[in-house]
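Novice:
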Amino acid sequence: MRCGLRLGKAMICGDARHREDRAVDSEVISGGESSHDVWFIRSGILRLQRHAYDGRRQILSLFFPGEIVGFDGEFREGVSVQAATQSGLCRINRRWFDRMVDQNDDLRAELFRQKQDQLDRLHWLTWSLGALGPEERLCAFLALSTRFMPYQPLPDGTGVLSVYLARKDIADLLGTTVESISRIVHKLSEAGIIEIRDPAHFRLLDISRLIAIGNIDGLFERMTTGIARRSGQLASLAPTEAEVSACFCGR
281 MRCGLRLGKA MICGDARHRE DRAVDSEVIS GGESSHDVWF IRSGILRLQR
331 HAYDGRRQIL SLFFPGEIVG FDGEFREGVS VQAATQSGLC RINRRWFDRM
381 VDQNDDLRAE LFRQKQDQLD RLHWLTWSLG ALGPEERLCA FLALSTRFMP
431 YQPLPDGTGV LSVYLARKDI ADLLGTTVES ISRIVHKLSE AGIIEIRDPA
481 HFRLLDISRL IAIGNIDGLF ERMTTGIARR SGQLASLAPT EAEVSACFCG
531 R
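Residue numbers (this note's numbering): 281 to 531.
In structure tokens:
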């Protein structure tokens with residue numbers, strides 16, 4: 281359970297996985313190329329992206345701490361996985377990993393839950409791009425962000441959200457522009473729904489209104505429960521003073 285998954289003692293070996301820190305925009309998986317590894321996200325956010333025929337970048341999904349990326353086969357050509365924020369990863373040898381999946385029922389069940397969560401996010405994004413406007417999509421994103429970005433609840437029921445994802449990434453994820461996001465943020469501030477502390481920090485004054493405007497009333501808990509659970513697992517594995525790392529990755 282050192283990395284939040286039941287990988288087994290055989291995996292606690294430098295030959296099985298290796299701890300790596302990745303800078304923003306560094307490529308983790310290149311679509312169309314064979315890979316000998318899968319990746320466990322210890323910290324940070326990864327993005328799944330591609331470029332359209334007109335050159336525009338499209339972000340298809342995000343991957344969060346506690347998730348494993350690349351276990352379900354190769355990404356098609358033209359699609360890649362990159363670090364959207366400074367990220368801490370564990371590289372896991374695919375042969376070792378496949379062996380553990382074959383032997384470990386709990387690991388297979390967790391991978392199924394992760395894939396279902398990722399499909400839920402993809403389905404919501406696909407639906408929202410066709411059914412919602414930019415303001416509705418951004419409100420939903422801000423509400424969902426309270427579960428996968430730093431969020432500090434305050435005694436009065438509000439909370440401060442730290443948005444570490446670049447504005448360009450948010451725009452490409454939500455199918456809009458940086459200028460539109462800036463305009464919508466100021467509109468929400470004027471409406472008393474959020475308070476702008478600085479470009480990356482917002483006090484959310486009324487999360488229920490964000491959820492309502494974003495049309496995710498019945499989806500919020502379903503889309504965020506897995507993210508919150510995996511984040512909590514990792515938090516419980518934070519190293520003590522006697523430990524060098526929360527996971528023995530051979531580094």
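Positions of the beta carbon are idealized from the N, C-alpha and C atoms, including for glycine.
I'd like to know if the region 409 to 423 and the region 482 to 502 are in contact, where contact means that at least 3 CB-CB pairs between them fall below 8 Å.
Specialist: Yes, the region 409 to 423 is in contact with the region 482 to 502.
Novice: Could you check what DSSP says for residue 284 in three-state terms: helix, strand or coil?
Specialist: At residue 284 the pLDDT is 47, less than 50, meaning the model places this residue with poor confidence; the figure from the coordinates comes in the next sentence. Residue 284 falls in the coil class under three-state DSSP.
Novice: Please state whether DSSP places residue 313 in a helix, a strand or coil.
Specialist: Here residue 313 sits in coil by DSSP.
Novice: In whole angstroms, what is the alpha-carbon distance linking residue 419 and residue 467?
Specialist: The alpha-carbon atoms of residue 419 and residue 467 are separated by roughly 11 Å.
Novice: At a cut of 8 Å, does the region 385 to 395 reach the region 426 to 435 through at least three beta carbon pairs?
Specialist: In short, these stretches do not touch, since the Cβ pair count stays below three.
Novice: Please classify residue 478 as buried or exposed, where buried requires at least 16 other C-beta atoms within 10 Å of its C-beta.
Specialist: Residue 478 is exposed by the Cβ-count criterion.
Novice: Can you confirm whether the region 328 to 341 touches the region 366 to 384 when touching is taken to mean that 3 or more C-beta pairs between the two stretches lie within less than 8 Å?
Specialist: Touching, no.
Novice: Take residue 352 as the anchor and find which of 391, 430 and 511 has the nearest alpha-carbon.
Specialist: The residue with the shortest Cα to Cα distance from residue 352 is 391.
Novice: For residue 360 versus residue 324, is the C-beta spacing smaller than 7 Å?
Specialist: It is not a contact, given that the beta carbons lie outside the stated cut-off.
Novice: With hydrogens ignored, establish whether the beta-carbon of residue 373 is closer than 6 Å to any heavy atom of the ligand HEM.
Specialist: This structure lacks the ligand HEM; in fact it carries no ligand of any kind.
Novice: Taking buried to mean at least 16 other C-beta atoms within 10 Å of its own C-beta, is residue 345 buried or exposed?
Specialist: Residue 345 comes out buried.
Novice: Compute the beta-carbon to beta-carbon distance between residue 309 and residue 369, rounded to the nearest angstrom, for a pair I have assumed lies under 8 Å.
Specialist: Residue 309 to residue 369, Cβ: 11 Å. No contact.
Novice: Using DSSP's beta-bridge definition, name the partner residues of residue 370.
Specialist: DSSP, once it has assigned bridges, lists 299 and 320 as partnering residue 370.
Novice: Assuming residue 465 is part of the alpha helix (DSSP H), what are its boundary residues?
Specialist: Here the alpha helix (DSSP H) through residue 465 covers 458 to 470.
Novice: By the three-class DSSP mapping on this structure, what secondary structure does residue 494 have?
Specialist: Three-state result, residue 494: coil.
Novice: Measure the alpha-carbon distance for residue 473 versus residue 298 and round it to whole angstroms.
Specialist: Residue 473 and residue 298: Cα-Cα distance of roughly 44 Å.
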